[in-house]
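Remember, the working numbering sits 1 above the position in the sequence shown when you count from 1.
Built from N, CA and C at the ideal position, the CB exists for glycine as well.
Because the structure is a prediction, the values reported are computed rather than measured.
Just below is one structure, and these are the notes that go with it.
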Amino acid sequence: MPFALDQIDTELATLDRELLRRSIRSVDTPCGPEIQIQGRSLLAFCSNDYLGLANHPELIAALSEGAARFGTGSGASHLISGHHVIHDELEAKLASTQAGAIPNVRALFFSTGYVANLSVITALGLIGNKKISIYSAALNHASLIDGIRLARGQGSVDLHLFDHHHLEALDDILRNDSTPHKLIVIDGVFSMDGDLAPVQKLLRLANQYDALLMIDDAHGFGVLGKHGYGILEDQTIFSDRIIYIGTLGKAAGLNGAFVCAHEKIIAWLIQKARPYIYSTASSPALAFAVLRSISLMEGEKGQELRALLQQNIALWKKESTFTRWKRLESDTAIQPIMVGSNETALQLARALDQFGYWIPAIRPPTVPKGKARLRMTLSAAHTKEQIKGLCNVLSELESSLPPS
C-alpha cells in the first residue's frame with residue numbers, strides 16, 4: 002500500500018477516536034422541512050433555506066424557462082465567452098439591492114460564496130503590491146480564513162484577529178497601525194452562533210483609521226432588512242468603504258453569490274481576482290432564476306415569509322424551555338443548542354434522529370474545541386406544530402438521556 006494511503010488510514014482512525022469523522026447523508030426529496038433519507042421521513046431543522054424558496058414552484062419554473070431561453074451551461078469563463086446578457090441583467094439587479102448602502106455601487110456574480118470571498122481578499126491584497134493589514138473576526142467563516150491564507154501567500158500581510166463582541170482591542174491595534182492599506186473582514190451573521198456583526202461600530206473604526214470593511218452577509222441576504230437586502234439595509238449603513246458579499250444558495254433558494262462594492266473595486270476584481278477570472282461562468286439559466294428569486298424576496302411574498310420566519314423564531318424562544326443544554330441568544334434563524342463535548346453532541350443528535358428530527362452535531366474544527374453544538378436553523382416553511390414538537394422532544398430527552 003502506498004505510504005499516503007497507509008497514513009490516511011491512520012489519521013482517519015484518529016478522527017474516529019476523537020469523534021470528529023464526518024459523514025454524508027443523501028436526501029431523496031427536495032429541500033424542505035419534511036424530507037426523506039433512504040425512504041425514512043425526517044423533519045429537518047438544519048437547512049439554510051430560511052425563506053423556504055428552495056423548492057418554490059415559481060423558481061422551479063424560472064430555472065426551466067431560463068434553460069429553454071439561454072441553455073444550461075455558459076461554456077467558458079466570464080472573460081472569454083461565458084458572460085451572457087442575463088448575467089448583466091442580474092448584476093444590475095444585485096447592485097440595486099445595495100444602492101442605498103454603497104455609493105457608485107456595482108455588482109459581480111460568482112459561482113459560490115466561497116469563491117467570492119477568496120476572490121475579494123486575494124485581489125485586495127494585490128493593490129499597489131504593498132503591505133496590507135487584515136483585521137479578521139476570530140469566528141469568521143472558513144472561506145474568509147482561507148482567503149486570508151491565500152493573500153498571505155502572495156504578498157506581505159499582517160494578520161490581526163479580533164473579538165467582535167469587544168472592539169476596544171481592535172481600536173487599539175488600528176490606532177497603532179501605520180500601514181496605509183487596511184482591511185477589516187467580518188461575517189454579517191455568524192453562521193455558528195447566529196449573532197449579528199456590529200457593522201455601525203466597525204464602520205466608525207474604518208472611517209477613523211482609513212480602512213475598507215468587508216462583510217460576508219451569507220446568512221443575512223434575503224432575511225434582514227425591510228426588503229431582504231441584508232445587514233446594510235437592516236442597520237442603515239451608507240459608505241464607499243463597504244465591500245458586501247451576499248450568497249444566493251441560502252435564503253434565495255438557488256446557488257451562487259455576488260459582491261457589491263464601489264465600481265472601482267469591482268473593476269479591480271475583474272482584473273485581479275483569479276478565482277473569478279479562471280472559473281467557468283455560472284449557468285445563464287441560474288442567473289435568470291436568481292432574478293425571479295430576488296423579485297420574490299423584495300416584494301410582498303418576501304415580506305410575508307420574513308414575518309413568518311420571525312414568528313417561528315419567537316415561538317422557538319418561548320417553547321424551548323430545556324436547561325440541560327444552553328440555547329445561545331440569537332435573533333436570527335440560526336439557533337444553536339450548545340452541549341460542549343463531541344460525545345454529548347453526537348448523543349443528542351442521534352437521539353433526535355430516533356424521534357424523526359434531523360439536526361446534525363457540529364464539532365471542531367468548525368467550532369472551537371469544547372464548544373460542540375447542534376446548529377438548529379429555522380425556516381419560514383416550518384409549521385408551528387413542527388417547532389412545538391421539537392421543543393417537546395428536547396424536553397423529554399433532557400430527562401431521559403443518560404449523563405454524558
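Could you pull the start and end residues of the alpha helix (DSSP H) that E92 belongs to?
Going by DSSP, E92 is part of the alpha helix (DSSP H) stretching over 86 to 98.
If you drop the 5 nearest sequence neighbours on each side, which residues of the same chain put their C-beta closer than 6 Å to that of T333?
Answer for T333: V190, G195, listed in chain order.
Rounded straight-line distance, which links the Cα of I243 to that of L151:
Whole-angstrom Cα-Cα distance: 21 Å.
Burial state of E406, where buried means 16 or more other Cβ atoms lie within 10 Å:
Outside the shown range of the chain, which is 2 to 405, sits residue 406, and nothing can be said about it.
Span of the alpha helix (DSSP H), counted from its first residue to its last, around M193
For M193, there is no enclosing alpha helix (DSSP H), as DSSP gives it neither H nor E.
Relative to the C-alpha of A103, which candidate in N56, D172, H165, L204 has its C-alpha closest?
Looking at the sequence itself, residue 103 is Ile, so the reference to Ala does not match. The alpha carbon of I103 has as its nearest neighbour, out of N56, D172, H165, L204, the alpha carbon of L204.
Rounded to the nearest angstrom, what separates T180 and V158 at their Cα positions?
The straight-line gap from Cα to Cα measures roughly 10 Å.
The beta strand (DSSP E) with P337 in it runs from where to where?
Note, P337: beta strand (DSSP E), 335 to 341.
Here's the rule: buried if 16 or more other CB atoms are within 10 angstroms of the residue's CB, otherwise exposed. What is T345?
The residue is buried, with at least 16 neighbouring Cβ atoms inside 10 Å.
At 3 residues or longer, what runs of the beta strand (DSSP E) sit wholly inside the region 40 to 64?
Scanning the region 40 to 64 for uninterrupted beta strand (DSSP E) segments of 3 residues or longer gives 41 to 45, listed from N- to C-terminal end.
Which same chain residues, not among the five before or five after G40, have their C-beta less than 8 Å away from its C-beta?
Around G40: D29.
Beta-carbon separation of S283 and S137 under 8 Å?
It is not a contact, given that the beta carbons lie outside the stated cut-off.
Would you report the Cα separation of I38 and M193, rounded to the nearest angstrom?
If you draw a straight line from the Cα of I38 to the Cα of M193, it comes to about 24 Å.
For L20, which residues from the same chain have a beta carbon less than 8 Å from its beta carbon, with the 5 sequence-adjacent residues on both sides left out?
Excluding residues within five positions, the ones whose Cβ falls inside 8 Å are N343, E344, L347, R364.
Quick check: the Cα distance between A381 and L297, rounded to an integer number of angstroms?
Their Cα atoms are separated by approximately 14 Å.
Give me the DSSP bridge partner(s) of M215.
M215 is bridged to V186, I244.
What residues in its chain sit with their C-beta under 6 Å from that of H263, if we drop five residues either side in the sequence?
The answer, listed in chain order, is N105, D241.
Nearest candidate by alpha-carbon position, reference Y210, set G250, K183, L225, Y279:
Answer by Cα proximity: K183.
Would S427 be called buried (16 or more neighbouring beta carbons within 10 Å of its own) or exposed?
Residue 427 lies beyond the range of the chain shown here (2 to 405); nothing can be said about it.
Please give the ranges of any beta strand (DSSP E) in the region 10 to 38, keeping only runs that are unbroken, at least 3 residues long and fully inside the region.
Restricted to the region 10 to 38, the beta strand (DSSP E) segments that are unbroken, complete and at least 3 residues in length are 35 to 38, listed in chain order.
Span of the beta strand (DSSP E) around T378:
T378 -> beta strand (DSSP E) spans 373 to 378.
Sequence-distant residues of the same chain with beta carbon closer than 7 Å to P34, five excluded per side
The beta carbon of P34 lies closer than 7 Å to those of L44, A45, S380, A382, H383, Q387 in the same chain, with the five residues before and after it left out.
Run through the region 262 to 296 for me and flag every whole alpha helix (DSSP H) of 4 or more residues, listed as ranges in chain order.
As summarised for the region 262 to 296, the continuous alpha helix (DSSP H) elements at least 4 residues long and confined to that stretch are 264 to 273, 275 to 278, given in chain order.
Could you pull the DSSP bridge partners for H161 from this structure?
Partner(s): Y136.
Could you tell me how far apart the beta carbons of P276 and L119 are, in whole angstroms, since I believe they sit closer than 8 Å?
Sure, about 5 Å apart at Cβ, within 8 Å.
Beta-carbon separation (whole angstroms), Y51 vs G223, contact threshold 8 Å:
Confirmed, Cβ separation roughly 7 Å.
Tell me whether the region 56 to 76 and the region 284 to 294 touch, counting them as touching only if at least three CB pairs, one residue from each stretch, are closer than 8 Å.
With the cut-off at 8 Å, the region 56 to 76 and the region 284 to 294 touch.
Just verifying my parser: in three-state terms, what is the DSSP assignment at S75?
In this structure, S75 counts as coil in the three-state DSSP scheme.
Hey, how far is the Cα of I36 from the Cα of N313?
Near 19 Å, if we compare the C-alpha coordinates of N313 and I36.
Boundaries (first-last residue) of the alpha helix (DSSP H) holding V121
If you look at V121, you'll find it in the alpha helix (DSSP H) that goes 114 to 125.
If we ignore side chains and look at the alpha-carbon of each, how far apart do A5 and L13 end up?
Distance from the CA of A5 to the CA of L13, rounded to the nearest whole angstrom, comes to 12 Å.
By DSSP, does I363 sit in helix, in strand, or in coil?
DSSP places I363 in strand when its eight states are reduced to three.
When we look at the beta-carbon of G247 and count the other beta-carbons within 10 Å, is it buried (16 or more) or exposed?
Classification of G247: buried, given that the 10 Å Cβ count is 16 or more.
Which residue wins for smallest C-alpha separation from P361, given the options Q355, T367, L375?
P361 has its Cα closest to that of L375, out of Q355, T367, L375.
K327 - partner residues in DSSP beta bridges:
Under DSSP, K327 forms a beta bridge with M339.
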